[in-house]
Amino acid sequence: MKLYVEDVLVVFPYEYIYPEQLDYITELKRGLDKGGHMVLEMPSGTGKTISLLSILVAYLHHHANEKRKVVYCTRTVEEMVKTMGEMRKLLKHWEAEGEQLRPLRGLCLTAKKNLCIEPSVASLMHPDEVDAGCRSITAPWQQERRCTYYDAIAQAPLELPPGVYSLDDLKDFGEQHHVCPYYLVRKALPVVDIIVHSYLYMVDPVVSEVTKEFLNDNTIVVMDEGHNVDDVCIEAMSLIFTKKDSLDAKQNIQALNMELDHLKATNRQQLQNEYDRLVNGLALAELSRSPEDRPFVTAPAIPASVAEGAIPASLRQANHFIAFMQRLVDFTHRIVTRITRTYVADPLTFLTKMKEECALEISHFRYISERLKMLLTTLQVTNAGKYRPIALIAQMYTLLSMYYTDDRYEKPGFVVVCEAFDPTRPQIPDPVIRTVCVDASLALRDTFSRYRSVILTSGTLSPLDIYPKILGFSPVISKSFQMTLSRKCIAPVIVTRSSESVSITAEEITSSFKVRTNPAAQALVTTAYESLLLELAKTVPDGMVCFFTGYQYMGEVLLAWHSSGFLQKLAKHKLIFVETQGVEETSVALANYRRACDIGRGAIFMSIARGKIAEGIDFDRHYGRAVVMFGVPFLPPNDEPLRQRMHWMEVCLGISESEFRNFDAMRQASQCIGRVLRNKTDYGMMLMVDKRFALNDKRKKIPRWIFQCLKNNTNLSVDAAIAVARGFFKEMAQPWEHEKDLGTTLLSKEALERMGQLRPSPPKFVSSADATAAAATSVVAPKTEEESESIVPLREPGSGVRKRKRDDEM
109 MKLYVEDVLV
119 VFPYEYIYPE
129 QLDYITELKR
139 GLDKGGHMVL
149 EMPSGTGKTI
159 SLLSILVAYL
169 HHHANEKRKV
179 VYCTRTVEEM
189 VKTMGEMRKL
199 LKHWEAEGEQ
209 LRPLRGLCLT
219 AKKNLCIEPS
229 VASLMHPDEV
239 DAGCRSITAP
249 WQQERRCTYY
259 DAIAQAPLEL
269 PPGVYSLDDL
279 KDFGEQHHVC
289 PYYLVRKALP
299 VVDIIVHSYL
309 YMVDPVVSEV
319 TKEFLNDNTI
329 VVMDEGHNVD
339 DVCIEAMSLI
349 FTKKDSLDAK
359 QNIQALNMEL
369 DHLKATNRQQ
379 LQNEYDRLVN
389 GLALAELSRS
399 PEDRPFVTAP
409 AIPASVAEGA
419 IPASLRQANH
429 FIAFMQRLVD
439 FTHRIVTRIT
449 RTYVADPLTF
459 LTKMKEECAL
469 EISHFRYISE
479 RLKMLLTTLQ
489 VTNAGKYRPI
499 ALIAQMYTLL
509 SMYYTDDRYE
519 KPGFVVVCEA
529 FDPTRPQIPD
539 PVIRTVCVDA
549 SLALRDTFSR
559 YRSVILTSGT
569 LSPLDIYPKI
579 LGFSPVISKS
589 FQMTLSRKCI
599 APVIVTRSSE
609 SVSITAEEIT
619 SSFKVRTNPA
629 AQALVTTAYE
639 SLLLELAKTV
649 PDGMVCFFTG
659 YQYMGEVLLA
669 WHSSGFLQKL
679 AKHKLIFVET
689 QGVEETSVAL
699 ANYRRACDIG
709 RGAIFMSIAR
719 GKIAEGIDFD
729 RHYGRAVVMF
739 GVPFLPPNDE
749 PLRQRMHWME
759 VCLGISESEF
769 RNFDAMRQAS
779 QCIGRVLRNK
789 TDYGMMLMVD
799 KRFALNDKRK
809 KIPRWIFQCL
819 KNNTNLSVDA
829 AIAVARGFFK
839 EMAQPWEHEK
849 DLGTTLLSKE
859 ALERMGQLRP
869 SPPKFVSSAD
879 ATAAAATSVV
889 APKTEEESES
899 IVPLREPGSG
909 VRKRKRDDEM
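Under the working numbering, the sequence shown has 878 at position 770, and the numbering climbs by one with no breaks.
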């Protein structure tokens, strides 16, 4: 299908297009024309990825003279591969439509673990082992057992022909031409048009240096599935240092001294060459130009501005630098071994204490991480993982020195949290020091300021005003799209009580901590869960997915079910599988769950919010006909780094603790229940089982496309929810032909012709004042339930805008 979005020709690789896809593409085009950032919430199962790629490819083709690039960020390797498959389908459709598309190159950018084809290295399991193995056969000083794939691409660079290259394509190309796929990608970056990679290549400043020099200001950055991008930023910029790390760092110092003594005895000139380069200010610049050769790529990075400075004189000589690091290691070891309780310090307080005890200059810390990397290169270290502990110390102090402030009225974006127990292992007395980033915008500040357009999109971004505050940018377009439905293929309900009677408080269903600590109340809630799940197992065909708030709560409920014999009763209707913290075990359970659904036996998958199943796995078609969210997935209340982050947001952004907790809980719950719908021919039921979901501060944060189908099902008993389920699946069992969707949820060429989308519109000249006014009014408020029923899916002939009533604030 070919259509025009204003003056841009868009090729869409399907016979029909959804109205919301057309609206989505139109808003994207207008945002790209304005030159600004966008926040777009697109319903799950409505073809968001192919819509994005369609307008992006068309826009690159239409503005070929501007030499724009697209950076497409995803969460996982599986999503990366899926995106490349959609892109290949799209480019083939341009040829099928007879349109001459300018030559484009699209490829994946990922870790060595996913691209290495050298057998001795590719067989290694852990990514750090792969990096170390690669460095051992590619380092400049390595003369024996060198990687012939790497030498081939280094000596005779090979031009990558136009086309779409997924991971397997790159490996096949590397095998065919006997070149390293990993370094082939990097050599091709200057000529690539569309780069698909994970978030870390954008939010982690170390890894982002790989692509930054090849991207101009006109680059379009897409953050697909961006509902957790703030958490990714916080994680990428934070560090954790344990007592064991401090002991290992002391051993690292001893090992460095031994390596240095050996080098002095065998090749003193090499140390002199390093010193000369540092004196001339060349060493850091060389290191910044080849980030893929750095020994460490696992820790958060330092801003590139450090490379423009000069290493202080006290750090230039190798033995002086090691002595400097020795004092830092000793100080950190004293701190971590003395921790007996939890306390928090701002970076200035922590660094001042260190300065008083160690007599070291805080300004020197800006360079120690890069200086350590330079020293390891000079010492010709190949197994960088061995020196990870001392690298963590260097990175911790470098981060604190970069982001501390001596202004008592300014809140720094980092805090230092010292805890007597590692929260991930509370049973083990292992004190830790955390360098916690509380300002998520630090990781993306350069991205939003440097690139013309950044598109943040997902199916669960509501409310839309939160993300721009957290990430520190102002969108020109902020919009949530509804889902046009000719039949209600989703049935969201909120289950609040076990029976129709509301006079007994204990019958209200909730997973709150107050109820969980009351055995009698929790027993009633568990019984209500049993009644609901058993009836659903009898009613829902094929597969069901149940989400709990965490592993501990899921374990408590499953143990109670096992003790009462309920699991045995439930297994008579559907097989039961459970997500565990082991990745391999969960993968096996998921494969068997799908097999049980395929053979018609039916199955239930027990999993948790924020887990692997909730984030990266789709339960489309018969793999997920119903999803049940047991409890509101709030963040842990006693997590000190989280408390510090929420305090910072309340002081600096005006986002209260309760508002952020509700926002985070509802985006996780919406992500879980959204797993059930992957396209409009699919259908499924969504059950939110907790009385707190019915509260207004939770309901108003449900994505618009789910809320439009919620109607009055916001305060149901277990029996009422089962009645809704029986009616819903009875209706879904009726035959349905896609012709019934024409003009409602599917737009054909004839409909597009009536709407004027099959011919280009004359170019519009918009003044800067008009563009600013349009941007200021672009936020779309959710519709009321009455207005949701009155959506006009088709546009008037010749108009480019869908008819809508004015939105009222919910």
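Note that the Cβ used here is the ideal one computed from N, Cα and C, for glycine as well.
No experiment lies behind these values; they were computed from the predicted model shown.
Less than 8 Å between C-beta atoms, sequence neighbours within five positions excluded: which residues of the same chain meet that for C255?
Reading the sequence shown from its first residue, position 147 is the one you call residue 255. So the list reads E226, V229, C242, I245, T246, C288, once near-sequence residues are dropped.
Could you check the C-alpha separation between M591 and M793 for me, to the nearest Å?
Here residue 591 corresponds to residue number 483 of the sequence shown, with the count starting at 1. Here residue 793 corresponds to residue number 685 of the sequence shown, with the count starting at 1. Each residue's Cα considered, the two are about 16 Å apart.
Taking 8 Å as the threshold (C-beta atoms), are S477 and A502 in contact?
Here residue 502 corresponds to residue number 394 of the sequence shown, with the count starting at 1. Here residue 477 corresponds to residue number 369 of the sequence shown, with the count starting at 1. In this structure, A502 places its C-beta atom within 8 Å of the C-beta atom of S477.
What residues are listed by DSSP as bridge partners for A734?
Within the sequence shown, residue 734 is the residue found at index 626, counting from 1. According to DSSP, A734 bridges with M652, M793.
CA nearest to the CA of D131, picked from A711, T634, T853, S778:
Working through the sequence shown from its first residue, we reach residue 131 at position 23. The alpha carbon of D131 has as its nearest neighbour, out of A711, T634, T853, S778, the alpha carbon of T853.
Confirm, please, whether the CB-CB distance from E149 to S588 is below 8 Å.
Translated into the one-based positions of the sequence shown, residue 588 becomes position 480. Translated into the one-based positions of the sequence shown, residue 149 becomes position 41. S588 places its beta carbon less than 8 Å from that of E149.
How about N360 and I498: are their beta carbons less than 8 Å apart?
Taking the first residue of the sequence shown as 1, we reach residue 360 at position 252. Taking the first residue of the sequence shown as 1, we reach residue 498 at position 390. Yes, Cβ-Cβ distance for N360 and I498 is below 8 Å.
Unbroken beta strand (DSSP E) runs of length 3 or more, entirely within the stretch 170-199: which are they?
If one requires a minimum length of 3 residues, the beta strand (DSSP E) runs lying completely within the stretch 170-199 are 178-182, in chain order.
Assign W202 to buried or exposed, taking buried as 16 or more other Cβ atoms, counted over all protein chains shown, within 10 Å of its Cβ.
Along the sequence shown, read from residue 1 onward, the residue named residue 202 stands at position 94. With 16 or more other Cβ atoms from the protein chains shown falling within 10 Å of its own Cβ, W202 counts as buried.
Just list the alpha helix (DSSP H) runs in the stretch 296-321, keeping only unbroken ones of 4 residues or longer that don't cross its boundaries, in chain order.
Runs found: 308-311, 313-320.
Hey, quick one: how far does the alpha helix (DSSP H) through V118 stretch, first residue to last?
Mapped onto the sequence shown, residue 118 falls at position 10. Segment 116-119 is the beta strand (DSSP E) holding V118; no alpha helix (DSSP H) there.
Based on Cα-Cα distance, which residue from E252, N326, F556 lies nearest to H171?
As a position in the sequence shown, residue 171 is number 63, starting the count at 1. Looking at the Cα atoms, N326 is the closest of the given residues.
Which residue marks the beginning of the alpha helix (DSSP H) containing M757, and which one marks its end?
On the sequence shown, residue 757 is found 649 positions in, with the first residue counted as 1. Annotation for M757: the continuous alpha helix (DSSP H) segment containing it runs 748-760.
Rounding to the nearest angstrom, what Cα-Cα distance links G710 and H730 in this structure?
In the sequence shown, the residue the question calls residue 710 occupies position 602. In the sequence shown, the residue the question calls residue 730 occupies position 622. Approximately 9 Å between the Cα atoms of the pair.
When DSSP builds the beta bridges, which residues end up paired with R542?
As a working note, residue 542 is residue 434 in the sequence shown. Answer by DSSP bridge pairing, in chain order: I348, V525.
May I ask you to report which of helix, strand or coil DSSP gives P843?
Mapped onto the sequence shown, residue 843 falls at position 735. In the structure shown, P843 sits in coil (DSSP, three-state: anything other than H, G, I, E or B).
Whole angstroms is fine: what's the gap from E692's alpha carbon to P870's?
By one-based count along the sequence shown, residue 692 stands at place 584. By one-based count along the sequence shown, residue 870 stands at place 762. Their backbone Cα atoms lie some 56 Å apart in a straight line.
Using alpha carbons as the reference points, say which of L371, P455, H285 lies closest to M510.
The residue you call residue 510 lines up with position 402 of the sequence shown. Comparing C-alpha distances from M510 to each of L371, P455, H285 shows the shortest one belongs to P455.
L111 beta carbon less than 8 Å from that of L803
In the sequence shown, the residue the question calls residue 803 occupies position 695. In the sequence shown, the residue the question calls residue 111 occupies position 3. Their beta carbons are not under 8 Å apart, which means L803 does not touch L111 by this criterion.
How many Å lie between A829 and D239 at the Cα?
Here residue 829 is taken as the residue at index 721 of the sequence shown, counted from 1. Here residue 239 is taken as the residue at index 131 of the sequence shown, counted from 1. Whole-angstrom Cα-Cα distance: 53 Å.
Taking the alpha-carbon positions, what's the S586 to V623 distance?
On the sequence shown, position 478 is the one that residue 586 refers to. On the sequence shown, position 515 is the one that residue 623 refers to. Straight-line Cα distance between these residues: approximately 39 Å.
Is there at least one Cβ from chain C nearer than 8 Å to V523's Cβ?
Annotation note: the requested chain C is absent from the structure, which comprises a single protein chain.
Considering only residues of the stretch 586-637, which uninterrupted beta strand (DSSP E) runs meet the minimum length of 3 residues and lie entirely inside it, listed in chain order?
Assignment of beta strand (DSSP E) within the stretch 586-637, counting only whole runs of 3 or more residues, yields 598-605 in chain order.
For M150, report the span of its alpha helix (DSSP H) as first-last.
Start at 1 with the first residue of the sequence shown, and residue 150 comes out as number 42. Run containing M150: none; DSSP gives neither H nor E here.
Helix, strand or coil at K110 according to DSSP, with G and I counted as helix
Stepping through the sequence shown from its first residue, residue 110 is reached at position 2. DSSP places K110 within a strand segment (E or B) once states are collapsed to three.
Which residues bound the beta strand (DSSP E) around C216?
Counting from one through the sequence shown, the residue named residue 216 turns up at place 108. Segment 213-217, the beta strand (DSSP E) holding C216.
For N663, report the span of its alpha helix (DSSP H) as first-last.
The count along the sequence shown starts at 1 and reaches residue 663 at position 555. Per the sequence presented here, residue 663 reads as Gly, with Asn not at that position. Counting along the chain, the alpha helix (DSSP H) containing G663 begins and ends at 659-672.
Any idea which residues DSSP pairs M714 with across the strands?
By 1-based counting over the sequence shown, the position of residue 714 is 606. Its beta-bridge partners are C654, V686.
Touching by the beta-carbon criterion (3+ pairs, under 8 Å), the stretch 482-499 and the stretch 558-575
With a cut-off of 8 Å, the stretch 558-575 and the stretch 482-499 do not count as touching, because too few Cβ pairs lie within range.
Starting from S566, trace the alpha helix (DSSP H) in both directions and tell me its first and last residue.
As a working note, residue 566 is residue 458 in the sequence shown. Under the DSSP assignment, S566 falls outside any alpha helix (DSSP H), being part of the beta strand (DSSP E) whose first and last residues are 561-566.
In its own chain, which residues sit with a C-beta less than 6 Å from the C-beta of E748, not counting the 5 before and 5 after it?
Reading the sequence shown from its first residue, position 640 is the one you call residue 748. Excluding positions up to five away in sequence, the list reads T450, V525.
Local Cβ density within 10 Å of W249, reported as buried at 16 or more and exposed below that
To locate residue 249, count along the sequence shown from 1; it is residue 141. The Cβ neighbour count for W249, taken over all protein chains shown within 10 Å, is under 16; the residue is labelled exposed.
Straight-line gap, L761 to K809 (C-alpha atoms, nearest Å)
Residue mapping note: residue 761 aligns to position 653 of the sequence shown, counting from 1. Residue mapping note: residue 809 aligns to position 701 of the sequence shown, counting from 1. One C-alpha to the other measures close to 19 Å.
With 16 other Cβ atoms within 10 Å as the buried cut-off, status of V113:
The residue labelled residue 113 in the question sits at position 5 within the sequence shown. V113 should be labelled buried.
My output table needs one value for V584: the three-state DSSP class, helix, strand or coil.
On the sequence shown, position 476 is the one that residue 584 refers to. DSSP, read as helix, strand or coil, puts V584 in strand.
Where does V489 fall in DSSP's three states?
Here residue 489 is taken as the residue at index 381 of the sequence shown, counted from 1. For V489, the secondary structure class from DSSP, reduced to helix, strand or coil, is coil.
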